[in-house]
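Here's the structure we're looking at; comments come further down.
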Ligand SMILES: [Ca+2]
Ligand SMILES: [Ca+2]
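In the numbering used here, the protein residues as written are -5 to 424.
What follows is the structure, encoded as structure tokens:
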């Protein structure tokens, strides 16, 4: 056996292993109990002067279980220049978009607490040197007002590897923002800042609460009261009645005619004419598989002004107890000054047990009012309520000024009978 050749090849093998360790910093290389690798090359050479066959075959990259760790070689007490103890983590972070001069981004990992630097747009960066192969919770906090108002956080368990450096990326949509709602009004801090509202004040808690809002106060139309309630369950249903008019100042007879066929389709007209004044309303009822629609007109002349409305109203059976109410009304009053209104209503109603009426429990709508009278303000009023909301939210824009309030109840017209948004929603035809 040529000892020198073996020595040389061993030397090359060990030297290569050391180079590999140095280059790759493989974790298996960092064990300090392997004198064959950890020792200087001189030591290796000395050891190899009397090689045992098993030593020759041994892979220097493998941990030697037979090493006596209780008696470390003197070299083991010194720091191992080949072992990677630290790793630099480079954080690349995209935050949710918001414009402010007082944004802040901070990172906490274990006991380390350090800021990120703004790069541009929504990009931030940070870097820190951590011990290798170590795990802590990483908490990244994105805030405004120099840290006073938290906009979002990102949390994860971060375990470092054994490379000299690593990159860690966080995307904007990984930030939890919804839960950061300081005033607990259901709108997150960041959404409030984007909308320009105060994230520290629940503005709703300051709003006035009134008893009710009347959605058809201008048109005066209630399809339930004026049309559907005129019908009985009889089909076909035909009835002609001569009535005293509602207007006591005009004692003329009114004709009140209903004509509904076996399928639930037909008309209803109520009208009187006193020559100088008149009133009429007429509607056509259309039944489909799961809905009843009324479409028609209402008008009157009081000797001074013409009053006119066109309407279409559909109540749809969604399920045994749930109904959808959709109504569009356009109307005008033409006298000394002309006024116009447009009312859109979309409600969800729940059938009140033992009755044919539904109560509006949710929905939305708008009332637009335009006037040529300089004493009137043009007004757009919207109302809305989610099923879980306690009140109807009413937003009024009058002459460019927006105000809000809450209403406990919603009424179709000014009538105690039609409070709580009551409407007929159970039909013999469906
Ligand atoms: Ca809020
Ligand atoms: Ca707020």
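Just so it is clear, CB atoms sit at the ideal spot from N, CA and C, and this is done for glycine as well. Bear in mind that the values here come from a model prediction, so they are computed numbers and not experimental data.
Query	Result
Rounded to a whole number of angstroms, what is the C-alpha to C-alpha distance between residue 357 and residue 174?	28 Å
Going by the C-beta, is residue 176 closer than 7 Å to any heavy atom of ligand 1?	yes
Given that a residue counts as buried once 16 or more other Cβ atoms are within 10 Å of its Cβ, and exposed if not, what is residue 406?	buried
Return yes when the Cβ of residue 141 is within less than 8 Å of the Cβ of residue 169, no when it is not.	no
Please classify residue 60 as buried or exposed, where buried requires at least 16 other C-beta atoms within 10 Å of its C-beta.	For residue 60, the predicted structure reports a pLDDT of 46, less than 50, and the residue's modelled location is therefore unreliable. A value from the coordinates is still provided. Looking at its Cβ environment, which holds fewer than 16 other Cβ atoms inside 10 Å, residue 60 is exposed.
Contact check, residue 153 vs residue 129 under 8 Å by CB: the rounded distance?	4 Å
For residue 186, name the three-state secondary structure that DSSP assigns.	helix
Given this structure, state the Cα-to-Cα distance separating residue 97 from residue 192, to the nearest angstrom.	17 Å
Out of 257, 161 and 250, point me to the one whose CA is closest to residue 273's CA.	250
Kindly examine ligand 1 and report whether one of its heavy atoms sits closer than 7 Å to the Cβ of residue 193.	yes
If residue 338 sits next to residue 359, beta carbons under 8 Å apart, how far is it from one beta carbon to the other, in whole angstroms?	5 Å
For the region 307 to 316 against the region 286 to 293, do three or more pairs of beta-carbon atoms, one drawn from each stretch, fall closer than 8 Å, so that the two count as touching?	yes
Mind checking whether the beta-carbon of residue 196 lies closer than 7 Å to any heavy atom of ligand 2?	yes
Look at the alpha carbon of residue 204 and the alpha carbon of residue 343, and state the distance between them as a whole number of angstroms.	21 Å
Rounded to whole angstroms, how far is the Cβ of residue 351 from the Cβ of residue 404, which I believe are closer than 8 Å?	At roughly 14 Å, the Cβ-Cβ gap does not stay under 8 Å, so residue 351 and residue 404 are not in contact.
Please report how far the alpha carbon of residue 196 lies from the alpha carbon of residue 262, in whole angstroms.	49 Å
DSSP state of residue 238, grouped into three classes?	coil
Alpha carbon to alpha carbon, what distance is there between residue 88 and residue 419?	52 Å
Any beta carbon of chain B sitting closer than 8 Å to that of residue 114?	In the structure shown, chain B cannot be found, because there is only a single protein chain.
For the beta strand (DSSP E) containing residue 218, list its first residue and its last residue.	It is not in any beta strand (DSSP E) - residue 218 instead sits in the alpha helix (DSSP H) that spans 217 to 220.
Does DSSP put residue 343 in a helix, in a strand, or in coil?	strand
Quick check: the Cα distance between residue 107 and residue 116, rounded to an integer number of angstroms?	21 Å
Taking the C-alpha atoms as reference points, what is the distance between residue 412 and residue 182?	37 Å
When you measure from the CB of residue 382 to every non-hydrogen atom of ligand 1, does any distance come out below 7 Å?	no
Can you give, in chain order, each stretch of the beta strand (DSSP E) that sits fully within the region 98 to 155 and has at least 3 residues?	98 to 103, 106 to 109, 111 to 114, 117 to 125, 129 to 138 and 143 to 153
According to DSSP, simplified to helix, strand and coil, what is residue 303?	strand
By Cβ distance, which residues of its chain are closer than 6 Å to residue 327, with the 5 residues on each side in sequence left out?	299, 301 and 333
Taking 7 Å as the line, does the beta carbon of residue 181 fall inside it for any heavy atom of ligand 2?	yes
Going by the beta-carbon positions, is the gap between residue 325 and residue 335 smaller than 8 Å?	yes
How far does the beta strand (DSSP E) with residue 406 in it reach, from first residue to last?	It is not in any beta strand (DSSP E) - residue 406 carries neither H nor E in the DSSP assignment.
Would you call the CB atoms of residue 149 and residue 133 closer than 8 Å?	yes
Suppose the cutoff is 7 Å on Cβ atoms and the five residues either side in sequence are ignored; what does the same chain contact list for residue 161 look like?	84 and 86
Measuring only from the beta carbon, is residue 170 closer than 7 Å to any heavy atom that is part of ligand 1?	no
Using 7 Å as the cut-off, classify the Cβ of residue 186 as near or not near the heavy atoms of ligand 1, replying yes or no.	yes
In three-state DSSP terms, what is residue 248?	strand
Give the single residue among 81, 271 and 215 whose Cα lies nearest to the Cα of residue 121.	81
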